[in-house]
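Working notes for the structure below.
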Amino acid sequence: MSFVLGLIVAFLLMTAAVVLASYATVSLTYWFESRRIRPVSTDPHLPQLVR
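Residue numbers for the sequence shown follow my numbering, beginning at 107 and rising by one.
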């Protein structure tokens, strides 16, 4: 029974680690892209994401 509990705890920890890594990747990508795009689009008539 303790083996099954260990597997469940390990599965939950791995799931939490994957979720945190995905969130960090998306956050860093969004931050990097917003920093990279913002100095280029100084014209207010252009859309934000057009390079």
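Note that the Cβ used here is the ideal one computed from N, Cα and C, for glycine as well.
Cα-Cα separation, residue i to residue j
i, j, result
"Ser-108", "Val-115", "10 Å"
"Ser-140", "Thr-131", "14 Å"
"Gly-112", "Ser-128", "24 Å"
"Val-124", "Ser-133", "14 Å"
"Thr-135", "Val-110", "37 Å"
"Phe-117", "Leu-126", "14 Å"
Chain-order list of residues whose beta-carbon lies under 7 Å from that of residue i (same chain, five-residue window excluded)
i, result
"Met-120", "none"
Beta-carbon proximity list for residue i, same chain, < 8 Å, skipping 5 on both sides
i, result
"Trp-137", "none"
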